[in-house]
Every structure is written in C-alpha cells, then in structure tokens.
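Which chain is which? The protein sequence lines are A and B, in order. Under the working numbering, the final residue of the first sequence carries the number 513; numbering is consecutive throughout. Under the working numbering, the final residue of the second sequence carries the number 513; numbering is consecutive throughout. The structure under discussion appears below in the form of structure tokens.
2 protein chains.
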Amino acid sequence: MTNMRRIAKEAGVGIATVSRYINNTGYVSDELKKKIEEAIERTNYRPNELARAIFNRNSKIIGLIVPNISNPYFNELALIIEEVVSKAGYSIFLCNTNDELEKEQHYINVLQGHRVAGIITVRSRCKEEYTFLGVPVVSFESVISDEIVTVATDNVKGGKLAFNHLYECGCREIVHVSGPIYSSAITDRCNGFLKEADKKQITIDLLQFDTDFQRKMLESNIRALEDIEKYDGIFVFNDIAAATVIRYCQLKKVKIPEEVQVIGYDNSYIGEFLYPSLTTIEQSVQEVGITLADVVIRLIRGEEVQEQRISIEPRLIKRETTKLQNNSVQGV
Amino acid sequence: MTNMRRIAKEAGVGIATVSRYINNTGYVSDELKKKIEEAIERTNYRPNELARAIFNRNSKIIGLIVPNISNPYFNELALIIEEVVSKAGYSIFLCNTNDELEKEQHYINVLQGHRVAGIITVRSRCKEEYTFLGVPVVSFESVISDEIVTVATDNVKGGKLAFNHLYECGCREIVHVSGPIYSSAITDRCNGFLKEADKKQITIDLLQFDTDFQRKMLESNIRALEDIEKYDGIFVFNDIAAATVIRYCQLKKVKIPEEVQVIGYDNSYIGEFLYPSLTTIEQSVQEVGITLADVVIRLIRGEEVQEQRISIEPRLIKRETTKLQNNSVQGV
DNA sequence: CCTACAAGGGTAAGCGTTTTCATCTATACG
DNA sequence: CGTATAGATGAAAACGCTTACCCTTGTAGG
Numbered sequence: 182m183t184n185m186r187r188i189a190k191e192a193g194v195g196i197a198t199v200s201r202y203i204n205n206t207g208y209v210s211d212e213l214k215k216k217i218e219e220a221i222e223r224t225n226y227r228p229n230e231l232a233r234a235i236f237n238r239n240s241k242i243i244g245l246i247v248p249n250i251s252n253p254y255f256n257e258l259a260l261i262i263e264e265v266v267s268k269a270g271y272s273i274f275l276c277n278t279n280d281e282l283e284k285e286q287h288y289i290n291v292l293q294g295h296r297v298a299g300i301i302t303v304r305s306r307c308k309e310e311y312t313f314l315g316v317p318v319v320s321f322e323s324v325i326s327d328e329i330v331t332v333a334t335d336n337v338k339g340g341k342l343a344f345n346h347l348y349e350c351g352c353r354e355i356v357h358v359s360g361p362i363y364s365s366a367i368t369d370r371c372n373g374f375l376k377e378a379d380k381k382q383i384t385i386d387l388l389q390f391d392t393d394f395q396r397k398m399l400e401s402n403i404r405a406l407e408d409i410e411k412y413d414g415i416f417v418f419n420d421i422a423a424a425t426v427i428r429y430c431q432l433k434k435v436k437i438p439e440e441v442q443v444i445g446y447d448n449s450y451i452g453e454f455l456y457p458s459l460t461t462i463e464q465s466v467q468e469v470g471i472t473l474a475d476v477v478i479r480l481i482r483g484e485e486v487q488e489q490r491i492s493i494e495p496r497l498i499k500r501e502t503t504k505l506q507n508n509s510v511q512g513v
Numbered sequence: 182m183t184n185m186r187r188i189a190k191e192a193g194v195g196i197a198t199v200s201r202y203i204n205n206t207g208y209v210s211d212e213l214k215k216k217i218e219e220a221i222e223r224t225n226y227r228p229n230e231l232a233r234a235i236f237n238r239n240s241k242i243i244g245l246i247v248p249n250i251s252n253p254y255f256n257e258l259a260l261i262i263e264e265v266v267s268k269a270g271y272s273i274f275l276c277n278t279n280d281e282l283e284k285e286q287h288y289i290n291v292l293q294g295h296r297v298a299g300i301i302t303v304r305s306r307c308k309e310e311y312t313f314l315g316v317p318v319v320s321f322e323s324v325i326s327d328e329i330v331t332v333a334t335d336n337v338k339g340g341k342l343a344f345n346h347l348y349e350c351g352c353r354e355i356v357h358v359s360g361p362i363y364s365s366a367i368t369d370r371c372n373g374f375l376k377e378a379d380k381k382q383i384t385i386d387l388l389q390f391d392t393d394f395q396r397k398m399l400e401s402n403i404r405a406l407e408d409i410e411k412y413d414g415i416f417v418f419n420d421i422a423a424a425t426v427i428r429y430c431q432l433k434k435v436k437i438p439e440e441v442q443v444i445g446y447d448n449s450y451i452g453e454f455l456y457p458s459l460t461t462i463e464q465s466v467q468e469v470g471i472t473l474a475d476v477v478i479r480l481i482r483g484e485e486v487q488e489q490r491i492s493i494e495p496r497l498i499k500r501e502t503t504k505l506q507n508n509s510v511q512g513v
C-alpha cells in the first residue's frame, strides 16, 4: 500500500509537506497543495492510522466489550454507542465475551495491545484486570472498582417497581428468574425485588440463569422452568430471557396474562414484538448508551467526571403480559 | 504505557532479546527468559500491536460492515463471524452504516486507514470504493464486482420457495414487501417470487421499504401498509421487517394466519419469538457466517478461493404464520 | 542597501516494534 | 591446537508517520 514517501515523490515535494497538507498544520502553498492532492487521488492513498496512532500514543478506537451482541438490548446499545462515538471521530472495536471470563480477559489484553483510547465494558466479570490498564474504562451493569465509573439504572428501585406492579396486578405466587450473579445490576434487581416482597410478606421462589440468551433452551431442557404452572407471577431479569420464558409458557399452554403474569427488565425492542407484548422495567437504552459514550469520551479527553456512580432512573412500561389497566400506572 | 525498551532495560538485556522472547523466535537462555518475564509482569507490559502491525504491513483486524447491528439476522451473523475469526487470531472492527451510502464510504476509508487485514461487507451499496483497496473483501447480499467474492443464498430460488408455499397455502391476493433495491439479494428474492407468481398467473402488488428495521414505523406512519386487509398473503423481504408487518396486522386486528398469511426471509431468531411464530425462508446464519469468515481468512492468507459466487441453499421453515400442515413441507 | 520577519518547505529524529547481521562464547571434531 | 559450529546476544535499520528545527525566499521597514 502507498505511503507518504511515495506521495511526496510523486508530487515532487518533501514528506513533511505532505504531512502538513494532510493534517492542515503549517503553511502549504496552493500550488503544492494541488500537486499533493493529485498524487493522493492518483494513488488512492490513505494515511496509515496505525503509524499515526503509534506516534500520538493512542488510536481513535474505543473497545466495546459485551457478553453477547445478539442480546437485543446490547445490540441496540452498541448501535447508539457507535452513533455517538463516530460523531466524535472514534470507531468501535467489538468484543463478544459470550459471558466467559477467559474471553473477557483475552479481549482486555487485545484492547490494551491495540492501545485503544478507551473501553466500554458491559456486564463485566473482571475486576483487577481493568485497574492498571492506563486507559479510561466505563462500566455498565457491573461495579468494577472505586476508581472506575459505573453506569447503571437504579436496579434496586427497578426491582421494587417490578414487584409492586406484579403485586398490584394481583400476583401472590411469584418466582423470580435471575441472571448471572457476577453482575451487580442483576443482583441489585433481585435484592430490590425480594426486599419489597418481604414488606408485603410474600415469599419469592428463585431461579437462576447463568447467561441470558436462552434460545437453545427452548429446544432442549429448561428443567428449571418445569413447574411454572405453580406461579401466577414471574419477574425475569431481562427481556430476552423473558421472551424465552413466555415462549416456554406458550409451549406448555399456560395463558399469559390470565394464568401467569410476566414482567421483564430492559425495555429492549423485542418486548414490542412479543405476543402478548411484554411489560417491563425500562432502562432507557438511549440514555444509557449516550451516557456511556459520553463519559468515555470525556475521560479520553482528560476531562474530570465528577460522579463515579451514574444512576439512571428505571421506569415501568406497562404492556400486555400483566393485567392492570394501562392508564393507572403510566409514567413511573 | 510501557514499551519494549523499558522492559529490556529492566531485565538488563537487549531489546532484540525481548522481542525474540515474546515472539518465540530465536534463542533466549532460560536465565534471561526469567528476567524478562519478571520485568513484563512487574510493569504489566503488553506489546504494542500498532507498532507490530505497522511493521508487518497489516493488523490482525477484520472490518465488519453491516447496515444495522440491531437486525437480528445481522447480529447473529456478527456473533458467528466473531467466533470464527477470533479462533484464527483476528478481531472485529464494527462498522454500522445505517443503510447510508456516506457512512459506508466513510468506514471503507477508516478501515483502509487502519490497514485491516480484510473486510466483510453486508448488503453493501458501494462498488468502486472496494476495488482498489488492496485488501481482501467478501460481500454478503450484494454483488460488488467480478473480482470480489460474493456469498448469498440462491435468492431467486428462495423467492420461488416463498411464492410456492404461499400459493399452496391458498393465497391468491398477494403483496410482496420488498427492501433496499441496491441489494442484489433482495431484488433476486423479489424477481424469483414474481417469476413464479407469473407462472401461476397471479399478479403481485409491490411495496418498498428502504431499510429494514422499522420499529419506529409502528408508532408513526406505515402508510404503505394501510390497506393490508385486501390481501390474503404477504411475503416480506426479511424477518425483522416481517415482524413489523405482523405487529401492524395485530394493531389492525387482522388475524394471522386466518385472514392473511405471512412469510419472511432469513430465519433469524426473532421468528421463533413472534406470535404466531414466523414461517420463513432460511438462509442458515451459521453457514453464511462461517463461510464469510472462512473465505476472508483464506484470502488474507493468500490462498486462492476458486468460486467467486458462493451460493447457499435456502430452505423453507414452516411455522405458524402460514396454514399448511407441518409435515407436508418440512425439509426444502 | 541592509536588516527583520513571515511564508514556505526540507531534513532528521523519534514513536515501538521486528528482523538482519555481526559478534561472542563454548564445545566438538579433526 | 586450530577451526567449524551451534547457542546466545545486541546494534542498527526499517516500517509509515509527526514534529522540532533549520534553511531559503521574498517583502517591508529603516
């Protein structure tokens, strides 16, 4: 591939002049500008960003670590993050961990190796691995350390919202399908839910999924859900898992919301496509995505970010998997 | 961040020795190995991949250009591609074009600038932009040029499959909701469908979406779908758009499959979550993803790829949005 | 006519690697 | 005892870029 020396030779100028022209730094006469332009055109030249980055000590790339890009919430998040950072001139290095610790560790190394400008990590399992990295890190749905900025909805409150809604809808035999325990967001959700249930003296059964994209489970053995008929209310830790649960109920001919009511968490787009459409707790993907991207860019620029814990307000989104009338609960 | 010179100094060795140790190339005595190891440990050093890449003339990164990572088919594809290339030591640079020509052009430049090892581009609008790039390119769902390998299902056949199924299910008033016309895959689908309809002397109405993720349309004006009641069969160019159509039918209280039958294209995971679950034409995401990743890696390694057009067999997946009995059509 | 300064442009060092090449020490072989 | 030879190491050049620094003009002011 062409390099600057070649362009300089073609245009009959010094290499520094080419650099100055490309970066708009320093004086270049119109005459030479034209020559250089032509040479670049002719050879289809693009400056080598790697060489630039090596000089500037970091690239214009932001690493995005997610458990699973197929989770509707996470891919919408990726979409928004991409949009925001690309406006600031950054690009996305995608890392899919599959909820595996080793893959996350591996990718942290890869990102460090590539001298990315910053990292956004979602539902991370790692801790110390991030601390001596020397690049800005922003975390979503997991608390990593005191120094690393964490973004999350108020998950305790979200859990409470979920319980209260289920309770108001008349549920008394309730099961909570929870997710990966290494995520503080998910355990918070669970705790908020349990605490509120305790107030109303309702005991909650607990089920544990260790990852969230459970499509395969439908075809095989969701042993965990076997006696789902016992319950009249289910709180699932996120929407895609809720979709699985709903599908499972349909297979078992358990009617939603008549026999069992369901509430999810996320408000990802899948909720609207489900039938019945999914009641859920929203953690605004727009707000979360923009915040994550914003914070990491500010950190990259060396600006101070005052809060180390950024909390986003959860909100009940009432749809068809629960029985209460719409109007009575809309808006928090 | 630490560099090799620092490690060399800490370990009291030459810089070349450190390089040899890291790359396992050439002789390093056990004694020095240990010293170097310790120095690396102590300083949390990672070799700078940028510098490596600049020397080796390209990085271990593969650019993935998709219209929209939120499309369930595309994000599953991304997942599989990531899995395959990561096993070969490559990582993914994610480019989301939003179906916009300018964003795709921009990203081609960015990828070239970063000297990626190869590019996988999905449903591309660009043509010449790829031709003089000097890196291997593999295209899915769009034919770019004679030299660039294209992977696609046999979309003409897929379209035929779709029509024949709808016809066998008794549909006679049929509309085809088609997608972005710059994708040869989508126009092929359309043509195959129309041709087969012509054989049966059925005239097809045509509707055009210019992008596929139409969630917003539900809330606003899907004028195009206004008189959907006229029809008893709909073929939608992909699953996520089909999901939108189904949701719209439900809003208009049009019963599926009793009053109108629907068939999609892709067999993405969303089809199983819809209610009724979506009959669709499968283009095995597994097979497509593996093929794309495989071909690009082989091209990167300089191996010859004999076929320039790789065709993957489409297959009818019968579910609940069409009326025919299951057993009669399973398996192509 | 000389000086000063601004505009314009080139040389070379340096960023963090890899790799070639030269050097040096033992050991083995004749 | 001389000399291959294998093992072990470092110096230095190169990759493609940016930038500090220096040199050359041309013009204006004295």
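The beta-carbon is built from N, C-alpha and C at its ideal position, and this holds for glycine as well. Since this is a predicted model, take the numbers as computed values, not measurements.
Q. Closest Cβ-Cβ distance between His295(A) and chain B: below 8 Å?
A. Position 114 of the first sequence, counting from 1, holds the residue named residue 295(A). With 8 Å as the cut-off, His295(A) counts as an interface residue toward chain B.
Q: Could you run through the stretch 227-245 of chain A and flag, in chain order, every residue whose CB is less than 7 Å away from some CB of chain B?
A: Those residues of the stretch 227-245 of chain A that come within reach of chain B (Cβ to Cβ, closer than 7 Å) are Arg227, Pro228, Asn229, Glu230, Leu231, Ala232, Ala234, Ile235, Ser240.
Q. Residues bridged to Cys276(B) by DSSP?
A. The residue you call residue 276(B) lines up with position 95 of the second sequence. For Cys276(B), which the question treats as bridged, DSSP gives the partners Ile246(B).
**Q.** Neighbour-count burial assignment, Thr384(B), 16 or more Cβ in a 10 Å radius
**A.** Here residue 384(B) refers to the residue found at position 203 of the second sequence. Around the CB of Thr384(B), fewer than 16 other CB atoms lie within 10 Å, so the residue is classed as exposed.
**Q.** Alpha carbon of Gly373(A) to alpha carbon of Val477(A), nearest angstrom
**A.** Taking the first sequence and counting its residues from 1, one reaches residue 373(A) at position 192. Taking the first sequence and counting its residues from 1, one reaches residue 477(A) at position 296. Computed Cα separation, rounded: 29 Å.
Q. Tyr288(A): buried (16+ other C-beta within 10 angstroms of its C-beta) or exposed?
A. Position 107 of the first sequence, counted from the start, is the residue given in the question as residue 288(A). Buried.
Q | Contacts around Val486(B), its chain only, beta-carbon distance under 8 Å, and the 5 residues preceding and following it disregarded | A | The residue you call residue 486(B) lines up with position 305 of the second sequence. Closer than 8 Å at Cβ, skipping near neighbours: Val330, Val476, Arg479, Leu480.
**Q.** Own chain residues within Cβ distance below 6 Å of Tyr363(A), not counting five before or after
**A.** In the first sequence, the residue the question calls residue 363(A) occupies position 182. Around Tyr363(A): Arg306.
Q | Three-way DSSP call (helix, strand, coil) for Ala269(B) in this model | A | Locating residue 269(B) in the second sequence gives position 88, where the first residue counts as 1. In the structure shown, Ala269(B) adopts coil according to DSSP, grouped into three states.
**Q.** Residues bridged to Gly414(B) (per DSSP)
**A.** By 1-based counting over the second sequence, the position of residue 414(B) is 233. Its beta-bridge partners are Ile355(B), Gln442(B).
Q) Among Leu497(A), His357(A), Thr503(A), which has the Cα closest to the Cα of Leu342(A)? A) Here residue 342(A) is taken as the residue at index 161 of the first sequence, counted from 1. It is Leu497(A) whose Cα lies nearest to the Cα of Leu342(A).
(Q) Distance cutoff 8 Å, beta carbons only. Does Ala259(A) sit that close to anything in chain B? (A) The residue you call residue 259(A) lines up with position 78 of the first sequence. For Ala259(A), the closest Cβ of chain B is nearer than 8 Å.
Q.
Between which two residues does the alpha helix (DSSP H) holding Thr198(A) run?
A. Indexing the first sequence from 1 puts residue 198(A) at position 17. First-last of the alpha helix (DSSP H) with Thr198(A): 196-204.
Q) Of the choices Phe255(B), Ile415(B), Leu505(B), whose alpha-carbon is the least far from that of Gly340(B)? A) Locating residue 340(B) in the second sequence gives position 159, where the first residue counts as 1. Of the candidates Phe255(B), Ile415(B), Leu505(B), Ile415(B) places its Cα closest to the Cα of Gly340(B).
Q) When DSSP builds the beta bridges, which residues end up paired with Val318(A)? A) As a working note, residue 318(A) is residue 137 in the first sequence. Ile300(A), per the DSSP bridge assignment.
Q | Short CB-CB distance (under 8 Å) between Phe313(B) and chain A | A | As a first step, residue 313(B) must be located in the second sequence, where it is residue number 132. Yes - at least one Cβ of chain A is within 8 Å of the one on Phe313(B).
(Q) 8 Å is my cut-off, CB to CB: does Glu222(B) come that close to chain A? (A) The count along the second sequence starts at 1 and reaches residue 222(B) at position 41. Judged by the 8 Å Cβ criterion, Glu222(B) is not in contact with chain A.
Q) For Thr334(A), which beta-bridge partners are listed by DSSP? A) The residue labelled residue 334(A) in the question sits at position 153 within the first sequence. In the DSSP output, where bridge partners are listed per residue, Thr334(A) has Ile493(A).
**Q.** Contact with chain A by Leu455(B), beta-carbon distance below 8 Å
**A.** Sequence index remark: in the second sequence, residue 455(B) carries index 274 (1-based). True, the Cβ-Cβ gap to chain A drops below 8 Å.
Q: Pull out every residue of the stretch 262-292 of chain B whose Cβ sits closer than 7 Å to any Cβ of chain A, in chain order.
A: Taking 7 Å as the upper bound on Cβ-Cβ separation, chain A lies near residues Glu263, Ser272, Ile273, Phe274, Leu275, Asn277, Asn290, Val291 of the stretch 262-292 of chain B.
Q | is_contact[Ser364(B), chain A] using C-beta, thresh 8 Å | A | Your numbering for residue 364(B) matches position 183 in the second sequence. Ser364(B) does not count as touching chain A.
Q: Report the three-state DSSP secondary structure of Glu407(B) (helix, strand or coil).
A: Here the question's residue 407(B) lines up with position 226 in the second sequence. In this structure, Glu407(B) counts as coil in the three-state DSSP scheme.
Q: State yes or no: is the beta carbon of Arg428(B) nearer than 8 Å to at least one beta carbon in chain A?
A: For the purposes of this step, residue 428(B) is taken as residue 247 along the second sequence, with counting starting at 1. Yes, because at least one Cβ of chain A sits closer than 8 Å to the Cβ of Arg428(B).
Q) Can you tell which of Ile437(B), Ile493(B), Gly452(B), Val441(B) has its C-alpha closest to the C-alpha of Glu257(B)? A) To locate residue 257(B), count along the second sequence from 1; it is residue 76. The residue with the shortest Cα to Cα distance from Glu257(B) is Gly452(B).
Q. What do you reckon, is the C-beta of Lys380(A) under 7 Å from a heavy atom of the ligand HEM?
A. Here there are no bound small molecules, and the ligand HEM is not part of this structure.
(Q) My output table needs one value for Gln389(B): the three-state DSSP class, helix, strand or coil. (A) As a first step, residue 389(B) is located in the second sequence; it is residue number 208 there, counting from the start. Look at Gln389(B) here: in three-state DSSP terms it is strand.
Q: From the DSSP output, in three-state form, read off Asn184(B) for me.
A: Reading the second sequence from its first residue, position 3 is the one you call residue 184(B). If DSSP states are grouped into helix, strand and coil, Asn184(B) belongs with coil.
Q: List the residues of chain B that Ile451(A) touches, going by C-beta distances under 8 Å, in chain order.
A: Looking up residue 451(A) in the first sequence gives position 270. Correct list: Ile451, Phe454.
Q: Could you tell me whether the stretch 423-432 of chain A touches the stretch 426-444 of chain B, where touching means 3 or more Cβ pairs closer than 8 Å?
A: Put simply, the stretch 423-432 of chain A does not touch the stretch 426-444 of chain B. Fewer than three CB pairs are less than 8 Å apart.
Q. Of all Cβ atoms in chain A, is any one closer than 8 Å to the Cβ of Met185(B)?
A. Along the second sequence, one-based indexing puts residue 185(B) at 4. No, Met185(B) lies away from the interface with chain A (no Cβ there is under 8 Å from its Cβ).
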